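Going down the list, the protein sequences come from chains A and B. Position 114 (the first sequence) corresponds to 245 in the numbering used here; numbering is contiguous. Position 40 (the second sequence) corresponds to 171 in the numbering used here; numbering is contiguous. These notes are about the structure you will find just below.
There are 2 protein chains.
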Amino acid sequence: MKVRRETGPVAGFRAAGIHAGIKKTARDLAFIVADAPASVAAVFTRSTIVGAPVEVSRRHLALGRSRGVIVNSGCSNVAMGERGIRDARRMAGLAARELGCELEEILVCSTGVIGQPLPLDVLRVGIPKVALALSPDGFGDASEAIRTTDTHAKPARVTLRLDGREVTIQGIAKGSGMIEPNMATMLSFIVTDAAIPSKLLQKMLGRVADATYNRLSVDGEGSTSDTVVLMASGACGGASMRAGSDSARRFEAALHAVCEDLTRQLARDGEGATKLVIVDVAGARNADEADRAVRRIGNSMLVKTAIFGGDPNWGRIMQTIGAERIPWHPEKTRVHVGGVAVFAKGRSAGPAARARAEKALAAEEIRIEVDLGMGRAAARLYTCDLTYEYIRVNAEYTT
Amino acid sequence: MKVRRETGPVAGFRAAGIHAGIKKTARDLAFIVADAPASVAAVFTRSTIVGAPVEVSRRHLALGRSRGVIVNSGCSNVAMGERGIRDARRMAGLAARELGCELEEILVCSTGVIGQPLPLDVLRVGIPKVALALSPDGFGDASEAIRTTDTHAKPARVTLRLDGREVTIQGIAKGSGMIEPNMATMLSFIVTDAAIPSKLLQKMLGRVADATYNRLSVDGEGSTSDTVVLMASGACGGASMRAGSDSARRFEAALHAVCEDLTRQLARDGEGATKLVIVDVAGARNADEADRAVRRIGNSMLVKTAIFGGDPNWGRIMQTIGAERIPWHPEKTRVHVGGVAVFAKGRSAGPAARARAEKALAAEEIRIEVDLGMGRAAARLYTCDLTYEYIRVNAEYTT
Numbered sequence: 132m133k134v135r136r137e138t139g140p141v142a143g144f145r146a147a148g149i150h151a152g153i154k155k156t157a158r159d160l161a162f163i164v165a166d167a168p169a170s171v172a173a174v175f176t177r178s179t180i181v182g183a184p185v186e187v188s189r190r191h192l193a194l195g196r197s198r199g200v201i202v203n204s205g206c207s208n209v210a211m212g213e214r215g216i217r218d219a220r221r222m223a224g225l226a227a228r229e230l231g232c233e234l235e236e237i238l239v240c241s242t243g244v245i246g247q248p249l250p251l252d253v254l255r256v257g258i259p260k261v262a263l264a265l266s267p268d269g270f271g272d273a274s275e276a277i278r279t280t281d282t283h284a285k286p287a288r289v290t291l292r293l294d295g296r297e298v299t300i301q302g303i304a305k306g307s308g309m310i311e312p313n314m315a316t317m318l319s320f321i322v323t324d325a326a327i328p329s330k331l332l333q334k335m336l337g338r339v340a341d342a343t344y345n346r347l348s349v350d351g352e353g354s355t356s357d358t359v360v361l362m363a364s365g366a367c368g369g370a371s372m373r374a375g376s377d378s379a380r381r382f383e384a385a386l387h388a389v390c391e392d393l394t395r396q397l398a399r400d401g402e403g404a405t406k407l408v409i410v411d412v413a414g415a416r417n418a419d420e421a422d423r424a425v426r427r428i429g430n431s432m433l434v435k436t437a438i439f440g441g442d443p444n445w446g447r448i449m450q451t452i453g454a455e456r457i458p459w460h461p462e463k464t465r466v467h468v469g470g471v472a473v474f475a476k477g478r479s480a481g482p483a484a485r486a487r488a489e490k491a492l493a494a495e496e497i498r499i500e501v502d503l504g505m506g507r508a509a510a511r512l513y514t515c516d517l518t519y520e521y522i523r524v525n526a527e528y529t530t
Numbered sequence: 132m133k134v135r136r137e138t139g140p141v142a143g144f145r146a147a148g149i150h151a152g153i154k155k156t157a158r159d160l161a162f163i164v165a166d167a168p169a170s171v172a173a174v175f176t177r178s179t180i181v182g183a184p185v186e187v188s189r190r191h192l193a194l195g196r197s198r199g200v201i202v203n204s205g206c207s208n209v210a211m212g213e214r215g216i217r218d219a220r221r222m223a224g225l226a227a228r229e230l231g232c233e234l235e236e237i238l239v240c241s242t243g244v245i246g247q248p249l250p251l252d253v254l255r256v257g258i259p260k261v262a263l264a265l266s267p268d269g270f271g272d273a274s275e276a277i278r279t280t281d282t283h284a285k286p287a288r289v290t291l292r293l294d295g296r297e298v299t300i301q302g303i304a305k306g307s308g309m310i311e312p313n314m315a316t317m318l319s320f321i322v323t324d325a326a327i328p329s330k331l332l333q334k335m336l337g338r339v340a341d342a343t344y345n346r347l348s349v350d351g352e353g354s355t356s357d358t359v360v361l362m363a364s365g366a367c368g369g370a371s372m373r374a375g376s377d378s379a380r381r382f383e384a385a386l387h388a389v390c391e392d393l394t395r396q397l398a399r400d401g402e403g404a405t406k407l408v409i410v411d412v413a414g415a416r417n418a419d420e421a422d423r424a425v426r427r428i429g430n431s432m433l434v435k436t437a438i439f440g441g442d443p444n445w446g447r448i449m450q451t452i453g454a455e456r457i458p459w460h461p462e463k464t465r466v467h468v469g470g471v472a473v474f475a476k477g478r479s480a481g482p483a484a485r486a487r488a489e490k491a492l493a494a495e496e497i498r499i500e501v502d503l504g505m506g507r508a509a510a511r512l513y514t515c516d517l518t519y520e521y522i523r524v525n526a527e528y529t530t
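Right, here's the structure in full:
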């Protein structure tokens with residue numbers, strides 16, 4: 132499946148991204164709109180404390196259909212108590228008024244500084260303005276307007292044929308520290324012109340998000356506001372998709388490809404990152420141990436600095452698994468770094484393999500593969516290296 | 132209890148630290164010796180994979196008495212399979228021969244590069260040499276000889292009166308990355324002239340280590356070789372200490388003071404650290420949540436870089452607790468940074484408090500205190516900030 136990192140039109144949707152004035156000069160307000168009520172699915176942060184926009188969007192999601200998502204960057208509307216909820220509802224209300232729809236048909240997302248009130252005056256002027264700018268070609272501007280510390284906008288697009296019709300899936304995403312209450316949060320918006328009932332859409336998004344966005348870690352943290360929204364307009368025509376059908380299976384694979392590509396873009400653009408790092412653990416005794424192992428490896432500061440330093444250090448990789456108290460046997464374990472076997476049968480590879488692994492670490496995408504040789508469970512994590520620039524971004528920026 | 136950061140004699144013990152030739156020029160071989168068989172206790176790493184010296188020392192500990200510990204830096208003897216075990220026993224055997232004691236009366240520790248064989252030829256010459264250098268005043272040299280990336284040696288010493296006699300506890304420690312298979316590992320050796328049976332000694336050390344060394348995290352990792360050894364000579368005279376006695380209670384408090392001071396020294400000298408950070412969580416619903424909360428806060432890269440950057444960022448602190456999926460209520464929660472309340476009753480403190488907190492962050496020792504207001508459980512973690520220098524040490528050093 133060819134995923135293109137670009138934006139373009141999707142039948143039944145329009146989008147826009149403008150500078151409303153929350154930030155000094157950059158685009159800071161995005162609006163993604165379905166021409167008619169669309170099926171909708173969403174997944175949110177698993178944090179025990181969530182931002183007001185997440186609370187409001189969760190309630191609105193219960194309606195089972197949506198006309199759009201209004202998103203601002205520059206202010207997260209987090210930790211604002213009852214006022215935050217009221218403001219998030221007002222923001223949705225302003226967007227609903229532009230479309231002439233119900234308040235509950237609008238989802239709302241905010242990302243940026245915490246502990247500051249949403250600038251409603253700016254939004255009262257900005258939301259009519261962004262509504263006027265809506266266009267089928269507006270997804271590029273929208274992908275710019277949701278950025279915070281991201282160094283570039285993140286689009287992903289696939290087209291596939293389903294039942295003789297061309298179907299498009301267009302996604303955009305932002306986020307570069309998994310938690311950075313001042314500036315980050317992971318947001319992703321995906322639209323498709325396929326005809327899919329909300330219930331099926333939610334099931335597919337849940338599965339895909341678990342395998343992609345929920346396997347992403349820049350720094351081991353999760354924001355209060357992480358949100359992924361998927362809307363389906365059905366504008367490509369044809370019958371409504373049924374669970375278990377061949378079309379559903381193929382659509383989900385395409386959705387997976389879009390979300391996986393966005394996940395890779397997010398990991399690669401992690402704060403200060405110079406490399407995308409994909410950690411794969413196989414041969415674990417059960418899914419829980421496989422999951423704990425990839426997260427422990429991928430979140431290890433020592434492993435992440437070793438990758439930054441170009442050091443294929445299997446000792447650092449394996450000792451994280453010991454520290455996580457997962458049983459392992461050196462004789463059964465194999466470790467590959469950048470495709471090169473650096474540890475097998477209880478011993479380190481020789482200097483030639485080491486030299487090859489060091490060379491492989493010069494690439495921009497690095498795989499760390501650990502086979503524990505104990506069972507059949509496997510897991511993956513998308514992450515990045517840990518660099519001087521991460522320290523600079525997070526130590527020198529002051530709220 | 133006055134803990135002095137110095138070394139001096141302890142009745143019944145001698146020590147030495149020399150340059151044997153494992154490292155290029157620095158001291159690399161330490162020997163701590165009891166003149167007669169001493170009571171002994173030890174705690175080891177909880178990793179599921181341990182170095183050969185840990186395996187050998189664990190077996191020897193079962194004897195319940197010891198004549199000494201032989202320690203080298205520069206080579207960790209980890210991941211060497213059966214050969215590693217054989218070499219660690221040989222190292223203990225060479226030390227035992229010098230003392231004319233049984234092999235099992237010697238504990239053995241190694242720290243340094245992994246995956247390389249212990250240089251037995253060097254040890255065959257070095258161990259007789261370090262035995263010749265043994266002296267009551269040798270603890271300072273021993274504390275130098277166990278260093279790896281530590282920027283300075285770490286001694287701690289208290290004296291107290293028990294039953295009319297002066298008792299001394301002398302500790303030394305090393306370690307600056309919690310895991311750094313090439314160079315680090317946490318080692319600590321403590322001797323006392325009190326008369327304490329091994330069983331009681333082990334109980335006291337277990338409790339004290341849980342409250343000190345096991346509450347220490349530089350980078351969230353644990354080495355394969357972490358070892359703490361405590362020996363009691365009884366040379367100060369008097370009857371053997373009994374469990375539950377006032378003397379035992381007072382001795383344990385003094386032992387705690389020594390180990391806590393060493394723990395602070397270890398955290399403060401964490402790789403690249405500029406500050407000691409003490410994280411206290413109170414008001415948790417249970418001990419498990421309190422423990423998870425302090426570890427999540429203290430290991431958070433975002434919190435650690437904020438401290439380095441002098442930013443009293445309560446948002447980063449509290450969102451780690453949400454990400455750990457511990458329930459919390461903003462209205463009940465209080466957060467102090469550097470002794471200044473920065474968050475209370477669901478809202479951020481004003482700019483004046485913020486300015487005071489920023490000023491407090493200029494200190495070398497920082498406390499982060501979170502009261503969740505939900506229960507009575509509390510926990511503490513000793514850690515440090517995350518700096519450019521941590522990246523340099525761990526990215527630029529290549530095995």
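Ideal Cβ placement from N, Cα and C applies to all residues, glycine included. No experiment lies behind these values; they were computed from the predicted model shown.
Its chain contains Pro443, Val468, Gly469, Val471, Val473, Ala480 as the residues whose beta carbon lies nearer than 8 angstroms to that of A/Ala488, once the 5 sequence neighbours on both sides are disregarded; these appear in chain order. Chain B places a beta carbon closer than 8 angstroms to that of A/Gly453, counting this residue as a contact.
Against B/Asn345, chain A offers no close residue; the least beta-carbon distance is about 13 angstroms (beta-carbon pairs closer than 9 angstroms).
Listed along the chain, the chain B residues whose CB falls inside 8 angstroms of the CB of A/Phe439 are Ile522, Ala526. For the C-beta of B/Asp350, the chain A residues within less than 7 angstroms are, from N- to C-terminus, Met432, Leu433. For the pair A/Lys435 and A/Gly205, the Cα-to-Cα distance works out to about 29 angstroms. Judged by their CB atoms, B/Ser364 and B/Ala169 are nearer to each other than the 8 angstroms cut-off. In this structure, A/Ser307 is the residue among A/Ser307, A/Asn203, A/Lys285 with its C-alpha nearest to the C-alpha of A/Leu347. Scanning the segment 313-378 of chain B for uninterrupted alpha helix (DSSP H) segments of 4 residues or longer gives 329-342, listed from N- to C-terminal end. Residue-level contact by beta carbon fails for A/Pro250 and chain B, as no gap is shorter than 8 angstroms. For the segment 212-228 of chain B, the set of residues with a beta-carbon nearer than 9 angstroms to any beta-carbon of chain A comprises Gly212, in chain order. Sequence-ordered contacts of the segment 504-521 of chain B with chain A read Leu517, Thr518, Tyr519, Tyr521 [C-beta pairs closer than 8 angstroms]. DSSP places A/Ser188 in the helix class (H, G or I) of the three-state scheme.
The alpha carbon of B/Gly337 has as its nearest neighbour, out of B/Ser356, B/Cys390, B/Ala370, the alpha carbon of B/Cys390. Within the segment 456-483 of chain B, contact with chain A at the beta-carbon level (separation under 8 angstroms) is assigned to Arg456, Ile457, Pro458, Trp459, Pro461, Gly477, Arg478, Ser479. By alpha-carbon distance to B/Glu496, the top candidate from B/Asn417, B/Gln396, B/Glu462, B/Gly269 is B/Gln396.
Here DSSP, grouped into helix, strand and coil, assigns B/Pro250 to coil.
Ranked by Cα distance from B/Ala413, the first of B/Ser241, B/Phe175, B/Val425, B/Ala193 is B/Val425. The three-state reading of DSSP puts A/Asn203 in strand, counting E and B together. Taken through DSSP and simplified to helix, strand or coil, B/Glu402 comes out as coil. Straight-line measurement puts the Cα of A/Asn430 at about 6 angstroms from the Cα of A/Asp350. If you look at B/Thr514, you'll find it in the beta strand (DSSP E) that goes 508-515. DSSP places A/Ile499 inside the beta strand (DSSP E), whose first and last residues are 496-502. Closer than 8 angstroms to the CB of A/Ala210 there is at least one CB belonging to chain B.
When C-beta atoms of the segment 509-528 of chain B are compared with those of the segment 516-528 of chain A, three or more pairs fall below 8 angstroms, so the two segments count as touching.
The C-beta of B/Gly195 comes no closer than 8 angstroms to any C-beta of chain A.
For A/Arg177, the closest Cβ of chain B is nearer than 8 angstroms. One finds Gly446, Arg478, Ser479 in chain A with Cβ atoms closer than 8 angstroms to the Cβ of B/Gly246, taken in chain order. Sequence-ordered contacts of the segment 166-190 of chain B with chain A read Arg177, Ser178, Thr179, Ile180 [C-beta pairs closer than 7 angstroms]. The shortest CA-to-CA distance from B/Asp422 to any of B/Gly257, B/Tyr513, B/Arg135, B/Glu213 is the one to B/Tyr513.
Shown here, B/Pro461 sits in a helix according to DSSP, grouped into three states. Here B/Ile216 is near B/Val187, since their CB atoms are less than 8 angstroms apart. B/Val256 sits exposed, since fewer than 16 C-beta atoms from the chains shown fall within 10 Å of its C-beta. With fewer than three CB-CB distances shorter than 8 angstroms, the segment 256-268 of chain B does not count as touching the segment 323-342 of chain B. Under the three-state reduction of DSSP output, A/Asp281 falls in the coil class, being neither helix nor strand. A/Asp324 places its beta carbon less than 8 angstroms from that of A/Val141.
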